[in-house]
Every structure is written in structure tokens, then in C-alpha cells.
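As they're listed, the protein sequences go chains A and B.
According to the working numbering, the first sequence is numbered sequentially starting from 551.
According to the working numbering, the second sequence is numbered sequentially starting from 97.
Here a beta-carbon is modelled for each residue, glycine too, at the ideal position from N, C-alpha and C.
Just so you know, these numbers come straight off a predicted model, no measurement behind them.
Comments concern the structure below.
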Amino acid sequence: MKFLKLSLLSILLTPALASAHGPTPLKFDLEIEVNASPDEVWAVVNNLCSVKDWNESITECSSTGEGLGAFRELTLDNGEVLKEEVTKVQADRKRMLTTLKVEEGRVIKGMPIRSMGSFLSVAESSSGSKVKIRGTAYSSFEGKSPPPDRTDSVCKAAVEALHTKTLNGLKASFESK
Amino acid sequence: MDSRFKDFLYVLAFWALANSALAQNLAFITNQLENTVSVINTANKSVIKTIKVGIKPAGVVASFDNKYVYVSNPGNQEISIIDTNSLEVIKTIKVGQAPLAMTLSHDNKKLFIADWFMDTVFTVNTQSLKVENEFPVGDAPSGIAISNDDKILFVANKKDNAVLFVDSASGEILADIKVGKAPFGITPDYDKQRLYVVNVQSEDVYVIDIKMAKVINTFPVDTFPYIVSIDKTNNHLFVTNKRDSSVSVVDRTSFKEIKKIYVGEMPEGINIHPDGKSIYVANWFDGTVTVIDTKTLEVTDTIKTGEGSRAYGQFISR
């Protein structure tokens with residue numbers, strides 16, 4: 551009877567339709583048109599903490615250094631802090647990579663990822679610039695049955711929401727000038 | 097013309113045709129984000145079929161007799177077995193929690209599967225399709241290869257920053273070799289009795305001498321490297337750099353970089369074609385395969401495959 555109860559419980563606890571997990575990266579691929587020249591946009595995004603001015607989810611930002619090897623610490627509106635490093639800068643292609651690594655065992659509230667690599671790129675387009683944020687993230691949960699608040703889809707949605715706010719805010723900051 | 101001679105010519109022509117059909121190597125590309133395998137006919141570089149497999153397919157290994165292709169699906173913990181003739185999944189095997197990297201004994205009888213979450217290597221008997229052995233390895237086994245006499249397995253353990261030499265029958269650990277940070281792909285070079293181990297986070301390749309069980313050289317590559325493929329004809333090594341969207345071409349003797357070739361976004365799996373004339377690279381982010389000419393070191397073709405093309409392992413039939 552105890553066994554039956556336990557197995558019923560485990561069935562109830564298994565999130566419906568949640569795909570099982572493996573060592574699989576999550577993909578994000580977002581873009582926006584901005585009414586400004588690529589040079590202008592590139593200059594702004596190179597100021598690592600300028601993101602605080604237009605992303606409403608970011609309440610505080612501090613940075614050390616510039617370009618390759620620079621760090622920034624973003625405080626989110628739920629109090630969580632994300633520490634990112636600039637790990638690649640391709641100025642000729644107006645492309646930079648920031649990477650985020652979360653300490654072993656730490657689970658970021660609302661965005662339960664273990665690591666993320668985000669490429670931000672700026673290219674010329676008919677409306678001025680096309681800005682892209684694309685890359686990969688990994689869930690912090692290791693095992694085949696994550697709890698419902700730590701699934702791949704929760705991670706992907708959270709990462710996409712943050713980057714979408716960055717892109718939308720960036721666009722608005724130029725267009726309100 | 098003498099009619100017997102004519103018959104002989106027909107037979108000859110038929111034989112040549114049959115052989116050319118056999119010689120058409122197929123590439124089996126695992127598409128991790130759409131749960132399929134794209135089959136490329138390498139003779140005309142076109143996708144001839146897309147096969148539904150398990151969930152989040154990643155690893156792949158073609159058998160030495162070219163009859164089967166094994167695909168690991170960490171998403172639903174199973175191996176799909178594809179018949180290379182019918183191009184259908186003929187069987188599936190449930191294994192572990194996250195089967196990823198795989199290698200096969202040279203007689204095709206044993207399939208070794210590294211499980212990412214269980215820190216275990218499973219041995220599957222390819223005739224009975226049963227798991228006949230399992231033994232513990234290091235933390236997060238990411239890459240696996242086998243010695244040419246099938247006696248030793250080489251296992252890269254990503255979180256231990258180490259490569260284990262393991263007796264393939266007993267599971268006994270024979271050597272534990274420190275490498276760079278976060279090793280992933282491991283490629284044996286039998287002619288030189290070496291292993292090439294690619295370290296994702298220290299962004300370099302460690303060269304291990306198999307007999308000495310020792311690191312004999314290291315060389316740097318680019319951002320987030322993944323795995324090596326060997327071109328014996330031109331004495332080159334090709335290394336995919338995932339976050340540089342490039343392939344480093346390195347001299348196989350001096351370990352100096354010769355060229356960097358830009359491919360699709362986030363390249364992962366890489367194989368030399370058995371004819372030695374081209375290299376196939378699976379681009380995870382783009383869902384494409386890039387073909388590189390091994391002589392000119394130029395990109396010759398880009399083939400559309402599926403979302404999340406990973407092709408981790410021996411994906412071209414041999």
C-alpha cells in the first residue's frame with residue numbers, strides 16, 4: 551500500500567509533457583531593427599552598464615574593465631545577481647560574446663541556468679541597424695526529471711525574456727531621442 | 097564484337113555500378129532540437145532522408161561493416177539503431193539516464209555508451225541488444241574512444257578535467273591522466289598511437305601518448321573547442337571551435353595552426369570523408385553541414401540539415 555502511494559505520488563509529481571533532460575544546450579535567437587547607425591549602436595552596447603538604462607528588469611549594474619576580459623554584475627528586479635564576463639570581442643564584425651557561469655549548487659530564482667553564452671552583434675540594415683542576441687544556455691538541473699520550476703522550457707523562457715527586454719529597450723532608447 | 101566479350105563487358109559494367117553504389121558514403125547528422133537524423137548522400141551532397149529518432153539525439157556511430165548506425169538520445173534515454181539499407185530505425189535500446197558519447201569495438205560486437213549523469217559506461221551486446229556490463233568512470237563522461245585492439249577504452253571526464261584509461265572488459269582503471277579544463281571530444285590516432293583530447297574551457301588540445309599514458313604535447317585552439325578529426329593524407333588535424341564558428345587546421349606533426357576556416361554557427365561534430373578529400377562539419381546553431389576541401393582548405397558546400405545539428409561521433413559510414 552505504501553508502495554502504491556509512493557508510485558502514485560511520483561506520477562503526480564512528474565510534470566506532464568515536460569521533456570526529460572540531457573546534456574543539451576538551449577538555443578535562443580532574437581533580433582530587432584534599431585533606427586540608428588551600427589557605429590552608434592556598437593558604441594552604446596560597448597558601455598557594458600548602459601543596459602541598466604533601458605532594460606527595466608535590471609535595477610543595478612557595476613562593471614570592471616573594458617572590452618575583452620571585462621566583467622559586469624547585473625542585479626535583477628527579483629534581487630538575483632548575474633555576473634557576466636566579456637569573453638570574445640570581434641570589433642571588425644561588431645560582435646561580442648558575454649558568458650555567464652553560475653556557481654555549482656546555486657539556482658538563480660526565475661532563471662535556473664548553469665551557464666549561458668550570448669553573442670550580441672550589430673549589422674547594417676535598411677532601417678539603420680539590425681541587433682541580434684543569440685546563443686546557448688544550459689539548465690542547472692542535472693538528471694532526467696527536473697521539478698516544474700527548473701525545466702528547460704522555464705530556463706529558455708527566462709533567458710529570452712531578459713534578452714528581449716534588452717533589445718526592445720535598446721531600440722526605444724534610440725527612437726525616443 | 098564477340099558476344100561473349102560483350103557479356104563480359106556487361107558484367108564488368110554492372111560490377112562497377114554496384115561498387116560505386118556501395119562506395120556512396122552516407123552521413124548521418126543528429127538534429128538535437130528536432131529529434132531527427134538527416135541522411136546525406138556524400139556523392140551528391142544532398143539530404144536523401146530525414147529519420148525520426150528519440151529525444152534530443154546527440155551521439156552517433158556507424159558500424160565498421162556499414163550495416164548499422166547507432167544514435168544516442170539523452171532526452172529519452174535510448175539508443176536508436178538505424179539500418180543503413182532501409183534507412184529506418186529497426187530497434188531501440190533503453191540505457192541509463194543520459195547516454196551521449198559512444199564507441200564501437202572493431203568487430204562491431206560491443207557498443208560502449210558513456211552516460212553523462214550516471215558517470216557510467218554501459219556495454220551493449222549488439223547481437224542480443226542487451227546491456228551486458230556497466231562500470232563507473234569519472235564525473236560527466238563527455239567523450240569516449242577505444243584502442244585498436246579493443247582492449248582499452250579512453251574516457252574524457254568533463255568535470256574531473258581528466259582522461260581515464262579503462263579495461264574494456266573488466267572496467268579496471270588503468271590510468272588517470274590530468275588534462276585541460278573541461279575535456280570533451282577524444283579522438284584516437286592509431287598510426288601514431290596518440291589521443292587528441294579537446295578541452296572546452298581551457299581552449300586547447302592535449303596530445304596523449306597511448307603507450308606511455310602521458311600527455312606529450314598541447315596546443316591552443318579557439319573559443320569553446322569541441323572535437324578533432326584527422327586528415328592523414330595531408331597530415332592535418334581539424335578542430336571545431338563552437339563559439340568562434342570556425343575550424344582550426346593544425347599540422348599533425350608540429351601542432352602549429354595552418355589556417356582558420358569559418359564555417360556555420362556553432363560547429364560541433366566533424367568527420368573526414370573516408371576518401372580523404374573532404375571534411376564534414378555539423379553546425380548546431382544554423383542546422384547545416386559545411387563541407388571543406390582538404391587540399392584547398394576552402395569551404396565547397398553548405399548543406400541544410402535540421403535544427404541543432406550535432407553529429408557527435410563517427411557519423412559518416414566507413
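Beta-carbon gap between residue i and residue j smaller than 7 Å
i: G171 (chain B); j: K190 (chain B); result: no
i: N127 (chain B); j: S298 (chain B); result: no
i: I178 (chain B); j: T401 (chain B); result: no
i: N585 (chain A); j: S668 (chain A); result: no
i: G372 (chain B); j: T336 (chain B); result: no
i: V294 (chain B); j: I323 (chain B); result: yes
i: A210 (chain B); j: A194 (chain B); result: no
i: I608 (chain A); j: V681 (chain A); result: no
i: E635 (chain A); j: T625 (chain A); result: no
i: F334 (chain B); j: V343 (chain B); result: yes
i: K247 (chain B); j: A236 (chain B); result: no
i: V233 (chain B); j: V251 (chain B); result: yes
i: E630 (chain A); j: I658 (chain A); result: yes
i: K651 (chain A); j: S671 (chain A); result: no
i: L270 (chain B); j: V345 (chain B); result: no
i: W604 (chain A); j: G719 (chain A); result: yes
i: G409 (chain B); j: V157 (chain B); result: yes
i: S182 (chain B); j: V149 (chain B); result: no
i: P573 (chain A); j: K644 (chain A); result: no
i: D732 (chain A); j: S690 (chain A); result: Absent from the model: residue 732 (chain A). The displayed extent of chain A is 551 to 727, so no value can be given.
i: V387 (chain B); j: T396 (chain B); result: yes
i: A241 (chain B); j: T199 (chain B); result: yes
i: F578 (chain A); j: V709 (chain A); result: yes
Residue i in three-state terms, based on DSSP
i: S723 (chain A); result: helix
i: S703 (chain A); result: helix
i: T427 (chain B); result: Nothing in the structure corresponds to residue 427 (chain B), since chain B is present only between 97 and 414.
i: A673 (chain A); result: strand
i: V259 (chain B); result: strand
i: D589 (chain A); result: helix
i: V709 (chain A); result: helix
i: K62 (chain B); result: Chain B is shown only over 97 to 414; residue 62 (chain B) falls outside these bounds and no answer can be derived.
i: L348 (chain B); result: According to the sequence shown, residue 348 (chain B) is Arg rather than Leu. Coil at R348 (chain B), not helix or strand.
i: H571 (chain A); result: Low local confidence applies: a pLDDT of 39 at H571 (chain A) is under 50, so the model's placement there is unreliable, with the coordinate-based value given in what follows. Here H571 (chain A) sits in coil by DSSP.
i: A117 (chain B); result: Legend: pLDDT at A117 (chain B) = 46, less than 50; position of this residue unreliable, value from coordinates given subsequently. A117 (chain B): helix per DSSP, three-state reduction.
i: T714 (chain A); result: helix
i: R645 (chain A); result: strand
i: K682 (chain A); result: strand
i: K148 (chain B); result: strand
i: K694 (chain A); result: coil
i: K338 (chain B); result: helix
i: D103 (chain B); result: helix
i: T398 (chain B); result: strand
i: T225 (chain B); result: The question names Thr, but residue 225 (chain B) in the sequence shown is Leu. Of the three classes helix, strand and coil, the one that applies to L225 (chain B) here is coil, per DSSP.
i: G404 (chain B); result: coil
i: S264 (chain B); result: coil
i: G660 (chain A); result: coil
i: G667 (chain A); result: strand
i: E361 (chain B); result: coil
i: F381 (chain B); result: coil
i: F208 (chain B); result: strand
i: S413 (chain B); result: coil
i: F218 (chain B); result: strand
i: K274 (chain B); result: strand
i: L393 (chain B); result: coil
Rounded Cβ spacing between residue i and residue j (contact assumed at less than 8 Å)
i: D382 (chain B); j: E361 (chain B); result: 5 Å
i: M646 (chain A); j: K638 (chain A); result: 6 Å
i: T180 (chain B); j: S413 (chain B); result: 6 Å
i: G693 (chain A); j: F213 (chain B); result: 6 Å
i: I683 (chain A); j: L580 (chain A); result: 5 Å
i: S134 (chain B); j: G155 (chain B); result: No, S134 (chain B) and G155 (chain B) are not in contact; Cβ-Cβ is about 15 Å, not under 8 Å.
i: C705 (chain A); j: M661 (chain A); result: 7 Å
i: D327 (chain B); j: I368 (chain B); result: 5 Å
i: I357 (chain B); j: V311 (chain B); result: Contact doesn't hold; Cβ gap of about 27 Å is too wide.
i: E590 (chain A); j: K715 (chain A); result: Contact flag wrong, Cβ pair sits at about 20 Å.
Within-7 Å CB hit, residue i to chain C
i: T614 (chain A); result: Absent from the structure is chain C; the protein chains it does hold are A and B.
beta-carbon residue i near the ligand SAM non-hydrogen atom, thresh 6 Å
i: S224 (chain B); result: The ligand SAM is not part of this structure, which contains no ligands at all.
(Q) Which runs of the beta strand (DSSP E) at least 3 residues long sit entirely within the region 595–642 of chain A? Give them in chain order. (A) 608–614, 621–626, 631–640
Q | Segments of 3+ residues assigned as beta strand (DSSP E) that fall wholly inside the region 120–144 of chain B | A | 122–127, 132–137
Q) What are the complete alpha helix (DSSP H) segments, minimum 4 residues, inside the region 156–201 of chain B? A) none
Q: Go through the region 277–322 of chain B residue by residue and report every complete run of the beta strand (DSSP E) that reaches 3 residues or more, in order.
A: 279–285, 290–295, 300–305, 310–316
Q. Whole beta strand (DSSP E) runs in the region 227–255 of chain B with 3 or more residues, listed along the chain?
A. 237–242, 248–253
**Q.** Stretch-stretch touch, CB-based, cutoff 8 Å, three pairs: the region 310–322 of chain B with the region 267–285 of chain B
**A.** yes
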